[in-house]
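Trainee: Provided herewith is a single structure, encoded as structure tokens, for subsequent inquiry.
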Amino acid sequence: MLTGLPGDPVILLSVINTKLRDYYPSLDALCDDMQIDIQELSDKLDMIDYTYDAGRNQFV
Numbered sequence: 011m012l013t014g015l016p017g018d019p020v021i022l023l024s025v026i027n028t029k030l031r032d033y034y035p036s037l038d039a040l041c042d043d044m045q046i047d048i049q050e051l052s053d054k055l056d057m058i059d060y061t062y063d064a065g066r067n068q069f070v
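Below, the structure is given as structure tokens:
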């Protein structure tokens, strides 16, 4: 569930990538800490053609 996060995928992308850059070593760590469903997040960002790159720890 993405409660408390922006509904707009472009704004969500910015928020998530900033959090990944500044606070979390991985997407799994972010999702565990924020209680976010990783598949729901990935699906939402896939709508704007962004996928998670573990090597960069960013959605690209």
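Residues 11 to 70, numbered by our numbering, are exactly what the sequence shown covers, in order.
For glycine and all other residues, C-beta sits at the position ideal for the given N, C-alpha and C.
Being a predicted model, the structure only gives us computed values, none of them experimental.
#1: Give the range of the alpha helix (DSSP H) segment to which residue 26 is assigned.
#2: Any idea what DSSP makes of residue 63, helix, strand or coil?
#3: Hey, quick one: how far does the alpha helix (DSSP H) through residue 44 stretch, first residue to last?
#4: For residue 58, count the other beta carbons within 10 Å of its own beta carbon; 16 or more makes it buried, fewer makes it exposed. Which is it?
#5: Quick one: is residue 26 buried, meaning 16 or more other Cβ sit within 10 Å of its Cβ, or exposed?
Mentor: Quick answer:
#1: The residue given as residue 26 occupies position 16 in the sequence shown. First-last of the alpha helix (DSSP H) with residue 26: 19-32.
#2: Looking up residue 63 in the sequence shown gives position 53. Here residue 63 sits in strand by DSSP.
#3: Taking the first residue of the sequence shown as position 1, residue 44 is located at position 34. Element bounds for residue 44: 37-44.
#4: Position 48 of the sequence shown holds residue 58. Classification for residue 58: exposed.
#5: Position 16 of the sequence shown, counting from 1, holds the residue named residue 26. With 16 or more other CB atoms across the displayed protein chains lying within 10 angstroms of its CB, residue 26 is buried.
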